[in-house]
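Working notes for the structure below.
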Amino acid sequence: MIKTAAFALTAALMSVAPAAFAEPAKTAPEPATEQTEAAPAPAARAAKPVRYCVIETFTGSRIPVKHCQTRADWLAQGFDPLAK
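Here the UniProt record's numbering is used: the first residue of the sequence shown is 1, the next is one more, and so on.
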């Protein structure tokens with residue numbers, strides 16, 4: 001038990017020690033005096049459609065099956081996942 005505690009203490013001290021002896025952070029370089037063109041903003045990602053998941057448990061099975069589809073897909077099958 002004492003060996004385990006001593007090992008844990010040693011490991012903790014060794015993981016913190018490098019941070020104590022690290023060099024201080026260098027200052028940021030001077031910004032360029034020329035005006036550079038800003039990079040174009042990345043195109044916004046298309047929003048993913050909301051998926052609705054239905055969990056089914058079949059008779060004779062203890063493993064539930066999870067089906068996830070968009071609402072349009074569920075409605076095409078004749079099932080409304082938001083209906084109560």
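Think of the CB as a built atom: it goes at the ideal place given N, C-alpha and C, for glycine as much as any other residue. Because the structure is a prediction, the values reported are computed rather than measured.
Reference residue i; option with closest CA among the options
i, options, result
"C68", "V54, K48 and A47", "V54"
"L82", "M1, Y52 and T59", "Y52"
Beta-carbon contacts of residue i that lie in its chain and below 6 Å, excluding the five residues immediately before and after
i, result
"P49", "T70"
"E56", "V65"
Own chain, CB closer than 8 Å to residue i, minus 5 neighbours either side, in chain order
i, result
"F58", "V65"
Same chain only: Cβ atoms within 7 Å of residue i, ignoring 5 sequence neighbours per side
i, result
"A11", "none"
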